[in-house]
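This report refers to the structure that appears directly beneath it.
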Ligand SMILES: *Cc1c(COP(=O)(O)O)cnc(C)c1O
């Protein structure tokens with residue numbers, strides 16, 4: 116029977132082990148200069164806790180309750196207690212995975228989890244490492260792409276993450292924007308037009324997009340890119356772990372399994388364990404299918420790399436210091452909750468997908484709300500009923516605000532801006548000439564959301580209904 120471990124028990128056990136290990140090096144007095152004044156500490160901690168637990172509403176707003184099922188806003192949730200404890204244990208010693216001598220055990224663990232992630236995607240002889248997050252991981256993939264393609268442009272869908280264009284600027288390469296369809300997926304006709312210009316060296320495909328949770332047709336785009344000699348990078352920072360569901364027994368309705376399977380044919384892929392991998396921030400990962408690209412990272416450091424002739428992770432990373440604790444936390448988490456379809460992480464991911472489908476079905480039946488489109492992954496975009504763009508915008512904002520302001524039955528959702536044309540293709544009788552309007556957006560990334568979907572929609576529907584009165 117699975118249990119829910121208390122992270123404090125795990126941390127105590129970890130600290131006891133580290134105490135015993137450190138005792139082997141001989142006793143050390145704590146330096147008095149690192150001592151703290153008890154009153155000053157109590158005051159600081161009081162204020163710290165007060166600010167962290169302030170109500171989300173009010174003059175100096177506190178945090179939204181990211182771990183509670185009532186929070187269906189952005190892609191935010193707490194780490195698993197196991198990850199939290201494993202991180203806290205290693206962080207006491209604070210290994211640095213820049214070089215093997217900065218943290219031999221956690222560097223080995225990093226190589227092991229990177230191999231696990233690569234196996235999940237079907238990369239056979241991968242090179243890769245963890246990063247501070249998805250942005251740096253994508254930067255590394257685009258840096259390698261620039262080196263491999265002689266500085267040719269990258270192409271990314273209009274719905275791709277905003278940091279790709281910014282990082283193209285950092286790297287000094289052009290960025291072509293490819294149109295997307297109404298579902299938020301890259302338009303392959305538009306991609307072919309861009310590839311025909313001959314200036315594009317790398318195509319960035321997204322699984323899944325940060326806005327709509329849409330999955331680019333990777334399985335169809337890759338052959339197209341190959342015909343035009345372009346590299347393929349898959350930004351699966353958000354959705355990479357859905358790869359596990361693609362192999363599952365019952366794939367949820369509308370879940371695009373084929374694009375996820377096709378990631379195996381990409382040149383590089385990025386996945387964020389700190390999004391769907393139950394890790395604390397910063398834990399991203401970049402993986403390359405061809406280990407020979409490691410040569411582009413070559414550099415000399417006079418400070419490090421002394422203790423071992425083995426590959427140092429610092430030799431294949433743009434970042435220098437990286438938390439060994441992040442690697443340790445992911446390593447323990449994946450031992451406890453393996454990367455599998457039928458146990459461990461797979462069922463956690465599948466539950467979010469099912470929650471989004473339930474949420475969508477309840478929206479379809481709602482009186483005063485309607486879904487904008489069916490979810491491909493675990494993000495749902497929906498709108499209050501309205502016959503005018505400005506009214507739609509104002510009602511979305513009102514539901515968003517009122518839902519979180521209700522102290523007795525709060526629900527925390529997100530907002531998303533859609534163009535007027537896109538909205539009219541869904542709601543044909545929308546009047547008004549506003550260029551865009553805000554709609555509601557929810558990320559159902561916690562397995563608890565499966566049980567809460569109906570109740571959350573009922574609450575939001577009641578609020579939307581009250582706006583009409
Ligand atoms: C979150 C996200 C990123 C950026 O990753 P960070 O970890 O926030 O730096 C990049 N691409 C996609 C698709 C994302 O969802």
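Residue numbers (the numbering used here): 116 to 584. C-beta atoms are modelled at their ideal positions from N, C-alpha and C, and glycine is treated no differently. In this text the structure is predicted, and so the values were computed from the model without any measurement.
Exposed unless 16 or more other CB atoms sit within 10 angstroms - verdict on residue i
i: residue 140; result: exposed
i: residue 394; result: buried
i: residue 263; result: buried
i: residue 214; result: buried
i: residue 145; result: exposed
i: residue 508; result: buried
i: residue 240; result: exposed
i: residue 560; result: buried
i: residue 222; result: buried
i: residue 505; result: exposed
i: residue 471; result: buried
i: residue 540; result: exposed
i: residue 568; result: buried
i: residue 163; result: exposed
i: residue 173; result: exposed
i: residue 421; result: Low confidence applies to residue 421: its pLDDT is 43, below 50, so where it sits in the model is not reliable enough to give any reading.
i: residue 119; result: exposed
i: residue 604; result: The requested residue 604 does not occur in the structure, where the chain is confined to residues 116 to 584.
i: residue 423; result: Residue placement at residue 423 is poorly supported in this model, since its pLDDT is 44, which falls under 50; the coordinates still yield a value, given next. Exposed.
i: residue 309; result: buried
i: residue 446; result: buried
i: residue 510; result: buried
i: residue 437; result: buried
i: residue 382; result: buried
i: residue 156; result: exposed
i: residue 410; result: exposed
i: residue 324; result: buried
i: residue 253; result: buried
i: residue 435; result: exposed
i: residue 116; result: exposed
i: residue 124; result: exposed
i: residue 165; result: exposed
i: residue 525; result: buried
i: residue 400; result: buried
Terminal residues of the beta strand (DSSP E) in which residue i lies
i: residue 290; result: 290-293
i: residue 319; result: 315-321
i: residue 400; result: 399-403
i: residue 384; result: 383-386
Inter-residue CB distance, residue i and residue j (contact presumed, cutoff 8 Å)
i: residue 498; j: residue 484; result: 7 Å
i: residue 481; j: residue 572; result: 6 Å
i: residue 495; j: residue 474; result: 5 Å
i: residue 301; j: residue 293; result: 6 Å
i: residue 515; j: residue 185; result: Residue 515 to residue 185, Cβ: 14 Å. No contact.
i: residue 330; j: residue 354; result: 7 Å
i: residue 248; j: residue 387; result: 6 Å
i: residue 357; j: residue 492; result: 6 Å
i: residue 258; j: residue 402; result: In fact, because the Cβ distance is near 14 Å, the residues do not count as touching under 8 Å.
i: residue 333; j: residue 315; result: Not really, about 16 Å apart at Cβ, beyond 8 Å.
i: residue 326; j: residue 299; result: 6 Å
i: residue 198; j: residue 385; result: The pair is not a contact, with the Cβ atoms about 19 Å apart (cut-off 8 Å).
Boundaries (first-last residue) of the alpha helix (DSSP H) holding residue i
i: residue 350; result: It is not in any alpha helix (DSSP H) - residue 350 instead sits in the beta strand (DSSP E) that spans 346-351.
i: residue 132; result: 122-138
i: residue 498; result: Note, residue 498: premise wrong, no alpha helix (DSSP H); beta strand (DSSP E) at 494-499.
i: residue 393; result: Element bounds for residue 393: n/a, residue is neither H nor E.
i: residue 481; result: Element bounds for residue 481: n/a, residue is neither H nor E.
i: residue 437; result: Residue 437 -> no alpha helix (DSSP H), and no H or E assigned at all.
i: residue 339; result: 333-342
i: residue 228; result: 219-236
i: residue 372; result: 372-377
i: residue 361; result: 358-361
Minimum Cβ-Cβ distance from residue i to chain B less than 8 Å
i: residue 439; result: Among the chains of the structure shown, chain B does not appear; only one protein chain is present.
Contact test: residue i Cβ vs ligand 2 heavy atom, cutoff 7 Å
i: residue 195; result: What this structure holds is ligand 1, not ligand 2.
TODO: Starting from the N-terminal side, write out each stretch of the alpha helix (DSSP H) that is 4 residues or longer and does not extend beyond the region 141-195.
DONE: 153-167
*Whole beta strand (DSSP E) elements within the region 245-305, 3-residue minimum*: 268-272, 290-293
Segments of 4+ residues assigned as alpha helix (DSSP H) that fall wholly inside the region 518-574
535-541
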